[in-house]
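Written out below as structure tokens is the structure these notes cover.
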Amino acid sequence: MRDFVNEATPAPADDGIMSLLSRVVSDAEQVARAEIDLRKAKLFAKVGAAKAGVVMILVAAVLGLLALIALVVGVLMILTPLVGPIWATVIVVGVLLVLAGVFAMIGIGRFKTMSAPAGDAA
């Protein structure tokens, strides 16, 4: 803002209306460009913050997936001495498939209610 004020030159007393209008248009254009630059800078700052947030969420998702894998391996190791390695694998895979099916049905049900017409209550 200080640069903008310093760049403005006082109008000589004998300037005509056209000269003054030309100067007003030029000044308005400079203000508009400065406002656009400010908005761009704010937008890019928000995009940078959002990018860092997305990276952190991806890291958390990968760590959560690794924890679930460790849990599955741990359950397999616990069940192996009790029922043998084949049955332990069958039990763990079966339970995981049932859970996957339940979550898939819940997700499909939510999509159906979301895409249903406004008058239908599903």
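Counting in our numbering, the sequence shown runs from 3 upward without gaps. Ideal Cβ placement from N, Cα and C applies to all residues, glycine included.
Hey, how far is the Cα of residue i from the Cα of residue j?
| i | j | result |
| --- | --- | --- |
| Gly50 | Ala69 | 29 Å |
| Lys48 | Leu65 | 26 Å |
| Ala106 | Pro119 | 22 Å |
| Leu67 | Val27 | 59 Å |
| Leu23 | Phe46 | 35 Å |
| Gln32 | Lys53 | 31 Å |
| Arg2 | Val61 | The structure shown has nothing for residue 2, since the chain only spans 3 to 124. |
| Leu40 | Val104 | 50 Å |
| Thr115 | Ala102 | 20 Å |
| Pro83 | Gly55 | 43 Å |
| Ile59 | Gly109 | 21 Å |
| Gly18 | Lys42 | 36 Å |
| Ala63 | Glu37 | 39 Å |
| Val74 | Lys44 | 45 Å |
| Met20 | Ser117 | 60 Å |
| Val97 | Gly86 | 17 Å |
Since residue i and residue j should fall inside the 8 Å C-beta cutoff, what is the C-beta to C-beta distance between them, to a whole number of angstroms?
| i | j | result |
| --- | --- | --- |
| Ala72 | Leu81 | No, Ala72 and Leu81 are not in contact; Cβ-Cβ is about 15 Å, not under 8 Å. |
| Val94 | Leu78 | 5 Å |
For residue i, count neighbouring C-beta atoms within 10 Å of its own C-beta (all shown protein chains included) and say buried if the count is 16 or more, exposed if not.
| i | result |
| --- | --- |
| Leu99 | exposed |
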